[in-house]
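Numbering (the working numbering), first residue to last: 43 to 227.
Think of the CB as a built atom: it goes at the ideal place given N, C-alpha and C, for glycine as much as any other residue.
Okay, here's the thing in structure tokens:
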């Protein structure tokens, strides 16, 4: 392997690397990947007997082809008999993928990509923890609150905005117990 001076495609800094290196660091590679995802790519849908079983995303057509192969054999093997894909331009792939997962609730999708529209029960619980630091809320109360906020099929359809946080805080104000004194707040 030949080591020579290269220019990072993300930050334009010089670095020494192999002849096929494109990035000076993983940080630059990840930043470039996030920027590319924000510009668009492909959403693909795996189906079995006409039912959507998985929704995924890929930045390039070549990577999409690789993903389809990995889904058909190996560790990530999924049972499907057909697939569809479409190009998404000018918007965040995570947002589109999350909306498709919510729409179809495919059996192989176990989590949502990070997005600004939907959160999972697990993410909701984490948000609660941030909002109510210093308070105890049990699992039963969490599920009651989730129900009050309109969760359907384990996804909370609400914006992660200040309005959303304020709504959670209003609902929680009746059910929180202060960790230090055990008194309902």
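| task | Measure the alpha-carbon distance for residue 134 versus residue 53 and round it to whole angstroms. | result | 22 Å
| query | Residue ranges of each beta strand (DSSP E) run of no fewer than 3 residues wholly in the region 58-105, ordered along the chain? | reply | 82-90, 93-100
| query | Between the C-alpha atoms of residue 117 and residue 153, what's the straight-line distance to the nearest angstrom? | reply | 18 Å
| task | Using three-state DSSP, classify residue 55 as helix, strand or coil. | result | Coil.
| query | In three-state terms, what does DSSP make of residue 49? | reply | strand
| field | C-alpha gap between residue 141 and residue 51, whole angstroms | value | 32 Å
| message | Would residue 47 and residue 56 qualify as a contact pair, given that the criterion is a beta-carbon distance under 8 Å? | response | A distance below 8 Å separates the beta carbons of residue 47 and residue 56.
| field | Helix, strand or coil at residue 150 [DSSP, three-state] | value | DSSP places residue 150 in coil when its eight states are reduced to three.
| Who pairs with residue 117 in a beta bridge, going by DSSP? | Among the bridge pairs identified by DSSP, residue 117 is matched with none.
| request: Closer than 6 Å by C-beta to residue 150: which residues in its own chain qualify, once you throw out the five before and the five after it? Chain order, please. | output: These residues qualify, in order along the chain: 95, 96, 120.
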